[in-house]
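Before any comments, here is the structure.
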Amino acid sequence: MYKLFARPGWGSVLVEAQLAWYDLPHQIEELDDLFVSAAARDTLRPVNPLAQVPTLVLPGGQVMTESAPSRCTWRTQPGAAIWYPSPAKRCARPSCAG
87 MYKLFARPGW GSVLVEAQLA WYDLPHQIEE LDDLFVSAAA RDTLRPVNPL
137 AQVPTLVLPG GQVMTESAPS RCTWRTQPGA AIWYPSPAKR CARPSCAG
């Protein structure tokens, strides 16, 4: 099961949408304001010492932080092309590296 540490308005919406889109088993742990709440930071630090969200714990225990979950995790899921078009579709310029 995936576990997402999140805070509304702090950038986790794309990860939440992809978990739902791919119908992956997950739990979302909403945190209080990390700038204000020591308890929220203490909850997150064992998983992510920088205490930043979004933080996604993969089923195997690996941890992805910040924008990495939305960029890397989903590419192998069926239907991923809707989220990640091929390099040719992203950029038609010859100088584009993809």
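Under this note's numbering, the first residue of the sequence shown carries the number 87, and numbering increases by one thereafter. All residues carry an ideal CB built from backbone N, CA and C; glycine is no exception.
From which residue to which residue does the alpha helix (DSSP H) around residue i run?
{"i": "residue 105", "result": "99-107"}
Write down the C-beta distance between residue i and residue j rounded to the nearest angstrom, noting that I regard them as a contact closer than 8 Å.
{"i": "residue 129", "j": "residue 138", "result": "Not really, about 13 Å apart at Cβ, beyond 8 Å."}
{"i": "residue 133", "j": "residue 122", "result": "About 19 Å separates the two Cβ atoms, so there is no contact after all."}
{"i": "residue 127", "j": "residue 120", "result": "6 Å"}
Taking the alpha carbon of residue i as the reference point, which residue from the options has its own alpha carbon closest?
{"i": "residue 97", "options": "123, 141 and 110", "result": "141"}
{"i": "residue 143", "options": "94, 95 and 105", "result": "105"}
{"i": "residue 136", "options": "111, 124 and 147", "result": "124"}
Beta strand (DSSP E) containing residue i: first to last residue?
{"i": "residue 137", "result": "It is not in any beta strand (DSSP E) - residue 137 carries neither H nor E in the DSSP assignment."}
{"i": "residue 91", "result": "88-92"}
{"i": "residue 149", "result": "149-151"}
Kindly indicate which three-state DSSP category residue i falls into: helix, strand or coil?
{"i": "residue 130", "result": "helix"}
Using 8 Å as the threshold, is the region 112-130 in touch with the region 90-98, meaning 3 or more CB pairs across them? yes
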